[in-house]
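Some notes on the structure that comes next.
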Amino acid sequence: MATYVIGDLQGCFTPLLRLLDKLKFDPAFDRVWFAGDLVSRGPQSLQTLRFAKTLGRASVSVLGNHDISLIAAAYGVFPIHKSLAALQDAPDFAELLEWLRHRPLLHLDTKLNTIMVHAGIPPAWDLKTAQQCARDVEKCLQSKNPQHWLASIYGDKPCIWTPKSPALDRQRFTVNALTRMRYCTPDKRLEFKQKLSPQVVKETHPALYPWFLHPKRQKIVQTIYFGHWSTLGYYESDNVVALDTGCVWGGRMTAVRIDQEKKTKYQSMGDEKKEEVQPTAYVGTVKVNIRDKDHYVHISPPPMGATLDDLEKALENNRAMIDASQAQMKQAFIDQVYLFKPPMQ
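The opening residue of the sequence shown carries number 1 in full-length UniProt numbering; numbering runs sequentially from there.
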């Protein structure tokens, strides 16, 4: 029996089937874990959710931030995103929603000495605290009438863990830490503004640490598998493995087999159309806007005739995929890392 962990699906059902075919996955014998964000920007969230549910005991799924957002939207906290409209209109939506809101935030397999969570475990927590806080949130999410609780968990504060803070503050911190976290400050505060790769953020915000590299992080001996961070890409170090390789952005979907002494990585391509990357005329030090933030960088044109295959390889090698629509962006080659520059207004 093989056990695989797969990063963010985000409604990319066809690449998922392609990957499982490559794995020769057999639900009668094998097990597959999904690291959250089953739904969202991809075109097949309904099919993805149905498939994960029908796998039954052959799969384990943890909740990601987009999954929780879908649940909140279904309870009227805010309008459902247009990419998920097909879900809301599906005849089995209520059944799928009920299944989804009963997924855990954290999964521990003692036999495999492995943890799966969507974003990570904050540096201030040991495993016992992480489990207790996850269960506390799960009870609220699975309650009979969770809409008022769902409406109250959105927000970035508190950003620092205080065990004796009010229950709702602890729960909001828990949701943010387990499903949204990327960076932390030296005093272990969660920082949500920076979403790019550690290589980029190290230059612009050198005081921030990726949560798993924080020097004061509590020791957790189990290997932690997580997704959420497409600009980080595949990352493996000590006892952490990052799995979100940006399939929904035209990258790859990644699976790792974890039941053997040596981990084995498998990937399948997304369905992004292969288009030629047009060289940009921008050179020198310029201002590049990424996710509404200005960065001053030195750029030079990509080679004439570069394709999106070339772009994807560069992004994978440098772990710097930018969370933006390729169709609306111009490409720039920046210190051997491709970034996307919005068109001039």
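Ideal placement from N, C-alpha and C gives every residue a C-beta, glycine not left out.
Simplified DSSP state of residue i, which is helix, strand or coil
{"i": "P210", "result": "strand"}
{"i": "G120", "result": "coil"}
{"i": "R257", "result": "strand"}
{"i": "F25", "result": "coil"}
{"i": "A281", "result": "The predicted model places A281 with a pLDDT of 31, which falls under 50 and marks its position as unreliable; any figure quoted below should be read in that light. Correct three-state label for A281: coil."}
{"i": "T129", "result": "helix"}
{"i": "V201", "result": "helix"}
{"i": "D109", "result": "strand"}
{"i": "G42", "result": "coil"}
{"i": "T14", "result": "helix"}
{"i": "Q142", "result": "coil"}
{"i": "S165", "result": "coil"}
{"i": "L55", "result": "coil"}
{"i": "S69", "result": "helix"}
{"i": "S237", "result": "strand"}
{"i": "T231", "result": "coil"}
{"i": "C159", "result": "coil"}
{"i": "R170", "result": "helix"}
{"i": "T245", "result": "coil"}
{"i": "R135", "result": "helix"}
{"i": "R50", "result": "helix"}
{"i": "T179", "result": "helix"}
Residue range of the alpha helix (DSSP H) that includes residue i
{"i": "F93", "result": "93 to 100"}
{"i": "H81", "result": "Element bounds for H81: n/a, residue is neither H nor E."}
{"i": "W33", "result": "Where W33 is concerned, there is no enclosing alpha helix (DSSP H), although the beta strand (DSSP E) it sits in stretches over 31 to 34."}
{"i": "Q194", "result": "Careful: Q194 lies outside any alpha helix (DSSP H) and carries neither H nor E."}
{"i": "Q147", "result": "147 to 152"}
Delimiting residues of the beta strand (DSSP E) encompassing residue i
{"i": "I224", "result": "223 to 226"}
{"i": "I6", "result": "3 to 6"}
{"i": "Q267", "result": "264 to 269"}
Rounded straight-line distance, which links the Cα of residue j to that of residue i
{"i": "Q88", "j": "A74", "result": "8 angstroms"}
{"i": "Y225", "j": "R101", "result": "21 angstroms"}
{"i": "W161", "j": "A124", "result": "7 angstroms"}
{"i": "D259", "j": "L112", "result": "7 angstroms"}
{"i": "R252", "j": "Q267", "result": "6 angstroms"}
{"i": "I6", "j": "A35", "result": "6 angstroms"}
{"i": "N176", "j": "T48", "result": "24 angstroms"}
{"i": "G64", "j": "T179", "result": "5 angstroms"}
{"i": "D8", "j": "V137", "result": "21 angstroms"}
{"i": "M116", "j": "G246", "result": "18 angstroms"}
{"i": "V39", "j": "C12", "result": "8 angstroms"}
{"i": "A2", "j": "L23", "result": "9 angstroms"}
{"i": "K128", "j": "P15", "result": "35 angstroms"}
{"i": "R18", "j": "F25", "result": "10 angstroms"}
{"i": "W229", "j": "F93", "result": "28 angstroms"}
{"i": "L55", "j": "D30", "result": "11 angstroms"}
{"i": "T110", "j": "Y234", "result": "24 angstroms"}
{"i": "residue 346", "j": "T174", "result": "Within the shown structure, residues of the chain are numbered from 1 to 345, placing residue 346 beyond reach of any answer."}
{"i": "K139", "j": "W99", "result": "14 angstroms"}
{"i": "A85", "j": "L70", "result": "10 angstroms"}
Residue i CB to nearest heavy atom of the ligand PLP below 7 angstroms
{"i": "P91", "result": "Judged by which ligands are present, the structure shown has none, so any question about the ligand PLP falls away."}
Classification of residue i by the beta-carbon crowding that lies within 10 angstroms, buried from 16 upward
{"i": "S237", "result": "exposed"}
{"i": "H118", "result": "buried"}
{"i": "A242", "result": "buried"}
{"i": "K164", "result": "exposed"}
{"i": "D67", "result": "buried"}
{"i": "G120", "result": "buried"}
{"i": "V32", "result": "buried"}
{"i": "D21", "result": "exposed"}
{"i": "K193", "result": "exposed"}
{"i": "L232", "result": "buried"}
{"i": "residue 372", "result": "In the structure as shown, the chain starts at 1 and stops at 345, and residue 372 therefore has no counterpart that could be examined."}
{"i": "K195", "result": "buried"}
{"i": "R182", "result": "buried"}
{"i": "R172", "result": "buried"}
{"i": "A130", "result": "buried"}
{"i": "Y4", "result": "buried"}
Residue i and residue j closer than 8 angstroms at C-beta
{"i": "D37", "j": "G227", "result": "yes"}
{"i": "S45", "j": "S83", "result": "yes"}
{"i": "L105", "j": "V60", "result": "no"}
{"i": "H148", "j": "K188", "result": "no"}
{"i": "C184", "j": "P146", "result": "no"}
{"i": "V256", "j": "G270", "result": "no"}
{"i": "D126", "j": "Q218", "result": "yes"}
{"i": "K157", "j": "L96", "result": "no"}
{"i": "A72", "j": "P27", "result": "no"}
{"i": "K265", "j": "T254", "result": "yes"}
{"i": "R50", "j": "Q10", "result": "no"}
{"i": "L208", "j": "C159", "result": "no"}
{"i": "A151", "j": "V77", "result": "yes"}
{"i": "P198", "j": "P206", "result": "no"}
C-beta neighbour in chain B for residue i, strict 8 angstroms
{"i": "N239", "result": "As a matter of chain content, chain B is missing from the structure shown, which is built from one protein chain."}
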